[in-house]
DNA sequence: CCACTGACGAGTG
DNA sequence: GCACTCGCCAGTG
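In the numbering used here, the protein residues as written are 1 to 114.
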């Protein structure tokens, strides 16, 4: 496969693509935190990177971005005026993920454990 | 190359 | 429990 002389010592996948790859591994009915995804993507302190990467998706990709929530088990209110946070919640509930009375997800119950 | 930006996390008041 | 601040780091113009 790799012809000699060409060194792929650096992953062709850019940071964003790695993030997408990790998120796409999240099973249905589970959720992951930004920090968790970042860590699995190889960016221990890149929680912001994850959010920024997802903002670039905006539903244009097949990545289940709605399974990514913040460390408090809540969907992040993002800028732009879009109501994606609302859609996210509906999609999660549709997958069996229950929200608390305060609009919070029980991470101890639904958080993805690789 | 430089500056700004940003779906966060953790800590503080 | 909520509002604010600081820190992290790569992408975009």
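No residue lacks a Cβ here, since even glycine has one placed at the ideal position from N, Cα and C.
Around the CB of residue 59, fewer than 16 other CB atoms lie within 10 Å, so the residue is classed as exposed. The closest CA to that of residue 43, considering only 15, 55, 54, 29, is found on 15.
In this structure residue 68 touches residue 34 by the C-beta definition: roughly 6 Å separates them, less than 8 Å.
Within a 10 Å sphere around the beta-carbon of residue 20 sit 16 or more other beta-carbons, which makes this residue buried.
DSSP places residue 23 within a helical segment (H, G or I) once states are collapsed to three.
The DSSP-derived three-state label of residue 111 is strand. DSSP places residue 15 in the helix class (H, G or I) of the three-state scheme. Contact between residue 31 and residue 110 holds: CB atoms are separated by about 5 Å, below the 8 Å threshold. As DSSP reads the structure, residue 31 sits in a beta bridge with 111. Less than 9 Å divides the Cβ of residue 103 from the Cβ of residue 89. Contact check for residue 26 and residue 64: beta-carbon distance about 6 Å, within the 8 Å limit, so the pair qualifies.
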